[in-house]
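Numbering (the numbering used here), first residue to last: 592 to 1528.
The beta carbon of each residue, even a glycine, is placed where N, CA and C say it ideally should be.
Below is one structure, written out as structure tokens, with a few remarks after it.
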Amino acid sequence: AVVLLIDILLAQLLGRSIANPLKRLQRATEAFVAGNRQAKAEINARDEVGQVAAAFNALTSQVAASERLLRDQANEEAFAAKRARMLADLASQIRQSLAREQILETAVSGVREILQVDRVVFYQFDSDDFQSGSVVAESVGAGWLRAEGRSVADPLTPETIERFQSGLVSYIEDIDQTDLSDCHCELLRKLEVKANIVAPVLAGNQLDGLLCAHQCSMPRHWTEEEFDLMRQLSTQLGYALSQASLLSQQQVSAERERQLADLVIRMRESLDRDKIFRTVVQEARSALKADRVGVYLFDEAWKGTFVAESVAEGWPAALGSQVADPCFANQYVEQYRQGRVKATDDIYTAGLTDCHLEQLAPFKVRANLVAPILENDQLLGLLIAHQCAAPRHWQEIDVNFLKQAALQLGFTLEQTSLFQQQQQTAWREQQLADLTIHMREALDRDQLFRTVVQEARAALKTDRVGVYLFDETWKGTFVAESVAENYPAALGSQIADPCFADKYVEQYRQGRVKATDDIYKADLTECHLSQLEPYKVRANLVTPILEDEKLLGLLIAHECSGPRQWNSLDISFLQRVAIQLGFALEQLDTRLAADTLSEERRQRQEALQLQLLNLLEDVEGAARGDLTVRADVTAGEIGTVADFFNSIVESLRQIVTQVKDSAGRVNQSLGSNEFAIRELAEDALKQAEQTTQTLNSVEAMSQMITQVADQAQQAASVAKTASATAEQGGVAMDLTVQNILSLRETVGQTAKKVKRLGESSQQISKVVSLINQIAMQTNLLAINAGIEAARAGEEGQGFAAVAEEVGELAARSSAATQEIERIVESIQRETSDVVEAIEQSTAQVVEGTRRVEDSKESLTEILEVSRQIDQLVQSISGATVSQVEISASVSLLMQQIAAVSKRTSESSAQVSDALRQTVEVAHELQASMATFKVDER
């Protein structure tokens, strides 16, 4: 446009013949167009050419100014773009960093480069009150003082704090031209600051620190763009610090969780409380990086003692120290039992009492963190962390860690106590079982009482255990005692308590158990104390001894060395020992009664055996032929058999007597006939004359023989009756033996069934044991589930309730199985007694069988004797029949003598032979009858 204008003007000038001035103007124009912004047109006149030259010069000046302005604007835009790129790069670098120190170093270096200042620092506040702080990061040019690491006590006013928290950027262009306080100016002058700009850094809406840019070489005018840049940088820095803080918290939280998990694992590796305490304090101090961590346990008066400690070198030890805080029981016990955790950053600015400060001063404490240790919802003690080097701001993560550590410690102690209690319970159960076995082995009451007191004292680890029995007036005497050395003996001591019969007999009969931890703190009467003091008693445990639901006496345990807190295991153990002692006394009485009954039965058996022996002797005498023996008739079965034997022997004696008499008469008659026949043979001539007389004699002899035959028949009938009776006795004996054998078999089957019942009860015992193990495992699982639920916090409350219910069900299951075990044990015990009684009955049945078999053998012998007698009588009967026939023949011969006298000699010979045979038979019969003794001669 300028060239076109110039061309137009030149055309006009040319038209007016002004070529030379126009040429000079043209050259100036060409030079300007070529880039010479200093080119000017000469103005020699005020004509049109001069006016054009003036307009040209003015136009070139404007163009040069516009170009300079555009150049400046381009430079500014380029610088702004560079700053924007640097700001973006710096923000990216800051965001890429995850460590707070690295973020701050990157920020101060980048800001100094962007703003081109002499120093940039990050000032971090020490606490939330903004009273002091320190320079934690710095970037400074060469030749200027370094400020990093310096602590600055420059309290901020509330207005300044509010302004910084709102994000406002403050600046000073010249410290000599400002109204700052002398203190503030002095701080800046020490660092050679001439001008500065300060931007607050907010991390998570909290004022974290200040980003400060210092100009040390000269005062400086800060532009709006620089304000804006500082505002953006502080915002980005705040975001980065928030992110780093969050990440750091997450890392620290994860690390703390890992440390807590390791701590829990290590705690649960041991069942020793002291080792658990040492593990907790060591791991907790390492995690918290504190100077001291200790476990502080309370006694019954809430006086505390450090029972475990981990302390850094250079600081006094607190282990074993006792601290009595008179205000603790009234003000803080319930708070800590509810879960109170107290964090004190500085004990000297926390408003603690002088008494409290005096308790902490010996241990050089400056800050502390206290968490409660709860075991079964009871405040056991405190887990305490101490910072001794300086005050310390306890972060929330520190508080949570110590709280969780104390909580897990409580859970571990509960688990340890439960496991130890289970071990002690099992140990006590074994001791009780052994003691019960030993009690049942006792042969009398004295041995039983000695066994109880000795083993009960060993199990309870106490100083004295005694058995105290009452008389009919409820006056007591120690009848058995086991006492430790150096303590007086109570054995044989008699105590008359006038109040006992009225107040306590019925209570103890109902099962009252009295545990006294300290007799001087139990509100006992002076009378009662005076009865206990001679035996140096400080604590006692009293349980009743009941026999057939009657109060027989007391089983008493004494602790003499000092007070003792009797736990539930101690109480339950002594109570069950007293119950078993009552059972053992009942069993002992039953056994003594059984022994008495057995002795009576033995005596009866001996008497029966004696009667049986006497009967056997009598039977043997009868078997030898002595029919004068008589068995003693006594009460019972043997007496019945003896009476029956006497009847048989008497009948046999009568028969033998009759046979003897008949044989004697026969011999006598035969002797007379033999003499007459000899006379007849010698003098046949006299035969006829004496025929009548002989015939009469023969007839008389026939009658006598007929009588003998009749008597022989009667004897045979009696012998048959005796034989039949003996056979019936044998059959009865066989039936008796069969019945006894059947009874023996029945008793054997009953014993087998009872034994199988015992085996079944053993199977039940095994099943109950399995159920008990399952209940124990369920209880342990419930405990672990409760621990996991407690770790989960509120989200695990429901699961914790379920775990608690499972734990209660497991406890009830364990109690039920223990009841079943006692029932099964009673069944097994009674089954054993029944089996033993059946076995004794079986032995008695066997013995009775043997005795009946012996009686059967005796009856068999009697039967054999009866058969022999029957045979003899049959022989006699046969002989008498023959005699009758002979007599008839003789009578016939005698009648025929008259007719056949010539055969007299032959007939006499025949009669003589017959008589000789008869004499031989009579002699044989007499010889047989001679073996029987029928009278006392």
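So which of 680, 973, 1036, 1195 has the shortest CA-CA distance to residue 998?
973
Alpha carbons only, please: which of 887, 624, 1084, 1015 is nearest the one belonging to residue 1000?
887
First and last residue of the uninterrupted beta strand (DSSP E) at residue 1551
Residue 1551 lies beyond the stretch modelled for the chain, which goes from 592 to 1528, so this question has no answer here.
Does residue 1489 pass the burial test, meaning 16 or more other C-beta atoms within 10 Å, or should it be called exposed?
Confidence at residue 1489 is low in this model, with a pLDDT of 49, below 50, so its placement is unreliable and the value that follows should be read with caution. With fewer than 16 Cβ atoms within 10 Å of its Cβ, residue 1489 is classed as exposed.
Go through its chain and collect everything with a Cβ distance to residue 608's Cβ below 7 Å, but skip five positions before and after it.
Unreliable positioning characterises residue 608 in this predicted model, as indicated by a pLDDT of 47, which lies under 50. A coordinate reading is not provided.
What is the C-beta distance between residue 706 and residue 817, in whole angstroms, given that I count them as a contact (C-beta under 8 Å)?
6 Å
For residue 679 and residue 628, the rounded distance between their alpha carbons:
39 Å
Taking the alpha carbon of residue 842 as the reference point, which residue from 1125, 1039, 690 has its own alpha carbon closest?
690
Take every Cβ of the stretch 746–763, pair it with every Cβ of the stretch 776–794, and state whether three or more of those distances are shorter than 8 Å.
yes
With 16 other Cβ atoms within 10 Å as the buried cut-off, status of residue 1540
No information on residue 1540 is available, as it lies outside the stretch 592 to 1528 that the chain covers here.
Apart from the five residues just before and just after residue 990, which ones in its own chain have a Cβ nearer than 7 Å to its Cβ?
932, 934, 960
Three-way DSSP call (helix, strand, coil) for residue 762 in this model
strand
Below 8 Å on the Cβ atoms is my contact criterion, and I expect residue 1051 with residue 1161 to pass it. Report the Cβ-Cβ distance as a whole number of Å.
6 Å
On the DSSP bridge list, what partners appear for residue 887?
897, 973
State the beta-bridge partners of residue 725 as determined by DSSP.
715, 742
On the three-state DSSP scale, how would you describe residue 1239?
helix
What number of angstroms, rounded off, separates the C-alpha of residue 921 from the C-alpha of residue 892?
11 Å
Same chain only: Cβ atoms within 8 Å of residue 743, ignoring 5 sequence neighbours per side
714, 723, 724, 725, 726, 778
Buried or exposed: residue 1063, going by 16 or more other Cβ atoms within 10 Å of its Cβ?
exposed
Do residue 763 and residue 885 have their C-beta atoms within less than 7 Å of each other?
no
Contained beta strand (DSSP E) runs [length at least 3] in the stretch 1053–1141, N- to C-terminal order
1055–1061, 1067–1074, 1105–1107, 1130–1138
Just tell me which of 1141, 828, 1086, 883 has its CA closest to the CA of residue 1124.
1086
Residue 900 and residue 872 - do their beta-carbons sit closer together than 7 Å?
yes
Report buried or exposed for residue 1343, applying the criterion of at least 16 other Cβ atoms within 10 angstroms of its Cβ.
exposed
Three-state secondary structure (DSSP) at residue 963?
strand
When DSSP builds the beta bridges, which residues end up paired with residue 1189?
Residue 1189 pairs with nothing; no bridge assigned.
From residue 1129 to residue 906, what distance separates their C-alpha atoms?
42 Å
Within the same chain, show all residues whose beta-carbon is closer than 7 Å to that of residue 919, passing over the 5 residues directly before and after it, in chain order.
893
Roughly how many angstroms separate the alpha carbons of residue 950 and residue 1105, rounded to a whole number?
41 Å
Taking 7 Å as the threshold (C-beta atoms), are residue 1059 and residue 1145 in contact?
yes
Judging by CA-CA distance, which residue of 1102, 1171, 1231 is the nearest neighbour of residue 1039?
1171
Here's the rule: buried if 16 or more other CB atoms are within 10 angstroms of the residue's CB, otherwise exposed. What is residue 1067?
buried
Could you check which residue in 875, 710, 1043 has the C-alpha nearest to that of residue 988?
875
Who does residue 1027 pair with in a DSSP beta bridge?
Residue 1027 pairs with nothing; no bridge assigned.
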